[in-house]
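Heads up: the sequence lines are chains A and B, in that order.
Once you know that position 224 of the first sequence is 229 in this note's numbering, the rest is easy, because the numbers rise by one and skip nothing.
Once you know that position 181 of the second sequence is 287 in this note's numbering, the rest is easy, because the numbers rise by one and skip nothing.
Each residue gets a CB set at the ideal place from its N, CA and C atoms; glycine is no exception.
What follows is one structure encoded as structure tokens, with my remarks underneath.
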Amino acid sequence: MKNIITIARKEFRTYFESPIAYIFITAFLLLVNFLYLWTFFLVGQADMRSFFGFMPFVFLFLVPSITMRLWAEERKMGTLEVLLTLPVQEKEVVLGKFIASFVFLLVMLALTFNIPLLVGFLGDPDWGMIICGYLGCLLMGASYLAIGLFASALSDNQIVAFILAIAICTAMLIVGEWFFLILVPDVFVPFFNYLGLGTHFESMGRGVIDTRDLLYYISVIGVFLYLNVYTVENRNWV
Amino acid sequence: MIKIENLTKYYGPVLAVDSVSFEVSKGEVVGFLGPNAAGKTTTMRVITCYLRPTSGTVSVAGYDIHNHPVEVRRRIGYLPENCPLYPEMNVVDYLNYIAKLRQVPAAERPRRVKEMIGITGLEDVLWKDIGELSKGFRQRVGLAQSMVHDPDILIFDEPTAGLDPNQIVEIRQLIREIGREKTIILSTHILPEVSATCDRVLIINDARLVASGTTDELVSRAKGADVVTAEIRGPEEEVYQALRKADFVDEFRKIKEGPEEDGAWLTLEIESTGDIREKLFRLVVEKNWSMRELKLEKMSLEEVFAKLTTS
Chain A
6 MKNIITIARK EFRTYFESPI AYIFITAFLL LVNFLYLWTF FLVGQADMRS FFGFMPFVFL
66 FLVPSITMRL WAEERKMGTL EVLLTLPVQE KEVVLGKFIA SFVFLLVMLA LTFNIPLLVG
126 FLGDPDWGMI ICGYLGCLLM GASYLAIGLF ASALSDNQIV AFILAIAICT AMLIVGEWFF
186 LILVPDVFVP FFNYLGLGTH FESMGRGVID TRDLLYYISV IGVFLYLNVY TVENRNWV
Chain B
107 MIKIENLTKY YGPVLAVDSV SFEVSKGEVV GFLGPNAAGK TTTMRVITCY LRPTSGTVSV
167 AGYDIHNHPV EVRRRIGYLP ENCPLYPEMN VVDYLNYIAK LRQVPAAERP RRVKEMIGIT
227 GLEDVLWKDI GELSKGFRQR VGLAQSMVHD PDILIFDEPT AGLDPNQIVE IRQLIREIGR
287 EKTIILSTHI LPEVSATCDR VLIINDARLV ASGTTDELVS RAKGADVVTA EIRGPEEEVY
347 QALRKADFVD EFRKIKEGPE EDGAWLTLEI ESTGDIREKL FRLVVEKNWS MRELKLEKMS
407 LEEVFAKLTT S
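In structure tokens form, the structure reads like this:
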């Protein structure tokens with residue numbers, strides 16, 4: 006446990022050692038505010054439904070860029086050879102890196118606080134729904150992170166890791182969307198619908214917390230973190 | 107301390123290490139010698155539990171690398187090739203980070219880190235980012251990192267690669283000092299380094315261990331006949347005849363004829379078994395010729411290495 010925290014703290018600090026993190030967060034906030042305010046005054050409703058509506062797609066491109074560095078860079082630089090010959094277990098390293106990226110995501114999301122403030126200032130929103138939506142964002146984001154982290158371990162090239170992560174996330178997202186579901190036989194529709202990353206998010210964005218959705222996200226995170234540990238433990242990297 | 111049995115490692119279809127076995131006992135400094143891509147790094151990566159072997163077993167201080175990798179890693183300090191470090195961290199933060207992960211108790215950590223900084227001479231660059239350091243300083247950070255937990259075993263992969271001659275001397279001296287109490291395996295393809303720092307040499311070539319022993323043992327094993335170089339002045343034909351008749355000479359050849367100023371000096375290479383210098387001297391005196399050089403050729407480690415790795 007101590008090792009996990011040590012690694013997580015180091016990885017988290019590394020984000021802010023370079024200007025990229027600041028530029029990245031600024032870009033994210035500008036994008037999100039722009040997308041939200043674009044329709045906010047037109048619709049004239051004091052809720053954050055549209056905000057939670059576009060989040061799965063914003064995350065699709067932003068979250069893999071948080072994780073792409075974590076393994077690929079260490080593989081390329083060779084620093085992994087030091088890290089993985091320290092008396093730490095592979096799963097501790099995986100969890101440490103995951104927690105660091107999760108805290109980064111948390112900071113990013115927390116900085117969107119101006120949107121709920123604005124909504125609260127202009128109207129009387131359903132706060133339960135907003136909190137529930139944010140929780141959904143975190144869970145979905147964490148799933149993307151787990152996928153991205155896994156993808157990062159598959160290559161020593163950050164760009165490859167990034168694209169691979171987007172590909173896996175997109176695949177997981179569209180299997181639950183209507184434009185994919187109309188193509189599959191009716192018997193499989195509930196199955197694919199359940200498998201979709203976005204499906205579970207929609208209901209949370211509406212303010213519904215269902216244990217099935219929680220279980221889904223926790224399973225996705227667990228499966229990809231496990232695959233990550235497996236990949237790292239069975240490495241045969243030159 | 108370290109016991110390796112039939113270690114074999116494939117990278118996909120490529121054979122990197124082919125059933126290598128050896129042992130290193132406590133307190134030994136062992137040089138791992140071989141051309142590039144011979145399998146040195148791979149062997150070290152297996153010992154340090156970075157890579158798993160395809161087959162074979164390795165045990166370090168009684169712990170098997172398959173069953174107790176964390177225990178093995180705890181006892182080893184490792185400096186990988188090219189000394190990979192995090193460029194964005196400063197020296198103190200980096201050493202503290204490694205010390206923490208190496209499970210140096212919090213109370214001892216400042217003392218250990220300080221000690222390492224003293225040993226490796228990093229006082230002047232403590233707060234600099236590692237990315238800004240010169241190659242020599244980075245190498246020292248790498249060494250400090252590998253010793254911060256006071257391990258019994260140290261494994262250095264080409265510790266002097268890329269350093270300038272002064273730095274090389276310093277690092278070698280450092281390794282010799284550490285080697286007084288610790289078990290060290292170091293790899294290199296610089297031969298004088300081995301004679302300068304190691305008790306024993308392992309030569310690996312084409313994935314196989316081809317020789318093992320002290321420098322002297324390897325030299326005497328690799329060389330065939332003893333060769334004596336002598337410069338003799340006397341009537342050429344007479345000299346040849348006498349040498350042909352002498353029972354201690356196996357074979358000889360003229361390699362050079364000297365300047366004519368005061369009669370021709372013949373430079374001869376004489377092969378024999380055993381040291382024949384005294385006999386040769388007496389022969390020259392007896393015949394009333396002159397002699398101005400008499401040297402027993404010692405095979406250098408370079409030649410041993412070339413002989414063992416090129417046939």
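Can you tell me whether residue i is buried or exposed? The criterion is at least 16 other CB atoms within 10 Å of its CB, across all chains shown.
i: MET2(A); result: Coverage of chain A is limited to positions 6 through 243, which leaves residue 2(A) absent and any answer about it impossible.
i: GLU403(B); result: exposed
i: LEU324(B); result: buried
i: GLN50(A); result: exposed
i: ILE71(A); result: buried
i: GLU16(A); result: buried
i: ASP381(B); result: exposed
i: ILE182(B); result: buried
i: LYS206(B); result: buried
i: ILE135(A); result: buried
i: TRP371(B); result: buried
i: ALA250(B); result: buried
i: ASN356(B); result: Just to set this straight, residue 356(B) is Asp in the shown sequence, not Asn. Classification for ASP356(B): exposed.
i: LYS393(B); result: exposed
i: LEU188(A); result: exposed
i: LEU243(B); result: The question names Leu, but residue 243(B) is Phe in the sequence shown. Flag for PHE243(B) reads buried.
i: LYS132(B); result: exposed
i: THR416(B); result: exposed
i: ASN8(A); result: buried
i: ILE236(B); result: buried
Straight-line CA distance for residue i to residue j?
i: ASN196(B); j: ILE274(B); result: 24 Å
i: ILE281(B); j: ILE110(B); result: 23 Å
i: ILE226(B); j: PRO257(B); result: Note that residue 226(B) is Thr in the sequence shown, not Ile. Taking the straight line joining both Cα atoms gives about 16 Å.
i: MET53(A); j: PRO190(B); result: 47 Å
i: LEU75(A); j: ASP305(B); result: 41 Å
i: VAL124(A); j: ASP131(A); result: 10 Å
i: SER301(B); j: THR321(B); result: 7 Å
i: TYR150(A); j: ALA26(A); result: This sequence places Leu at residue 150(A); Tyr is not what is there. The straight-line gap from Cα to Cα measures roughly 16 Å.
i: LYS360(B); j: VAL126(B); result: 43 Å
i: MET269(B); j: GLU342(B); result: The sequence given here has Leu at residue 269(B), not Met. Cα-Cα distance, rounded: 51 Å.
i: ARG350(B); j: GLU409(B); result: 28 Å
i: PHE128(B); j: ILE171(B); result: 15 Å
i: TRP106(A); j: LEU65(A); result: Per the sequence shown, residue 106(A) should be read as Ser rather than Trp. So the alpha carbons of these two residues sit roughly 15 Å apart.
i: LEU47(A); j: ASP129(A); result: 17 Å
i: ARG278(B); j: GLU299(B); result: 7 Å
i: VAL225(A); j: TYR117(B); result: 31 Å
i: ILE214(A); j: CYS137(A); result: 7 Å
i: ARG246(B); j: LEU228(B); result: 7 Å
i: ARG158(B); j: ILE152(A); result: 25 Å
i: THR44(A); j: PHE56(A); result: 10 Å
i: LEU220(A); j: GLN209(B); result: 36 Å
i: VAL231(B); j: ASP199(B); result: 12 Å
i: VAL98(A); j: VAL176(B); result: 13 Å
i: VAL130(B); j: VAL166(B); result: 10 Å
i: VAL87(A); j: PHE262(B); result: 12 Å
Near-chain A residues of the stretch 245–265 of chain B - C-beta to any C-beta below 8 Å: GLN251
Any chance the stretch 124–142 of chain B sits against the stretch 292–311 of chain B, with 3 or more Cβ pairs inside 8 Å? yes
Cβ-based contacts, 8 Å cut-off: residues of the stretch 197–214 of chain A near chain B: none
With contact counted as at least three CB pairs below 8 Å, one residue from each stretch, are the stretch 309–318 of chain B and the stretch 337–344 of chain B in contact? no
Per the contact definition of three or more C-beta pairs closer than 8 Å, is the stretch 92–110 of chain A in contact with the stretch 141–149 of chain A? yes
Along the chain, which unbroken stretches of the beta strand (DSSP E) at least 3 residues long are found entirely within the stretch 320–393 of chain B? 332–339, 357–363 and 371–378
Quick check on the DSSP output: what are the complete beta strand (DSSP E) runs of length 3 or more inside the stretch 90–140 of chain A, in order along the chain? none
Which full runs of the beta strand (DSSP E) of 3+ residues lie inside the stretch 193–225 of chain B, going along the chain? none
Spell out a yes or no on whether the stretch 177–189 of chain A and the stretch 30–47 of chain A are touching, meaning 3 or more CB-CB pairs, one atom from each, closer than 8 Å. no
Taking a Cβ distance cut-off of 7 Å, strictly less, list which residues of the stretch 63–90 of chain A are near chain B, in chain order. MET82, GLY83, THR84, GLU86, VAL87, LEU89 and THR90
Specify whether the stretch 203–211 of chain A and the stretch 56–66 of chain A touch according to this definition: at least 3 beta carbon pairs, one from each stretch, less than 8 Å apart. yes
Just by C-beta distance, which residues in the stretch 22–42 of chain A are closer than 8 Å to chain B? GLU22 and SER23
Taking only beta carbons into account, state which residues of the stretch 90–123 of chain A come closer than 7 Å to chain B, listed in chain order. THR90, LEU91, PRO92, VAL93 and GLN94
Measuring CB atoms only, is the stretch 140–158 of chain B touching the stretch 228–235 of chain A, in the sense that at least three cross pairs come out at less than 8 Å? no
Select from the stretch 301–314 of chain B all residues with a C-beta closer than 9 Å to any C-beta belonging to chain A, and list them in chain order. none
Using a Cβ cut-off of 9 Å, which residues of the stretch 221–242 of chain A contact any Cβ in chain B, in chain order? GLU238, ASN239, ARG240, ASN241 and TRP242
Whole runs of the alpha helix (DSSP H) within the stretch 150–191 of chain B, excluding any shorter than 4 residues: 175–180
Please give the ranges of any beta strand (DSSP E) in the stretch 214–286 of chain B, keeping only runs that are unbroken, at least 3 residues long and fully inside the region. 259–263
If you scan the stretch 16–89 of chain A from start to end, which runs of the alpha helix (DSSP H) of 4 or more residues do you find wholly inside it? 25–48, 54–82 and 84–88
Mind listing which residues of the stretch 156–182 of chain A have their C-beta closer than 9 Å to chain B's C-betas, in chain order? none
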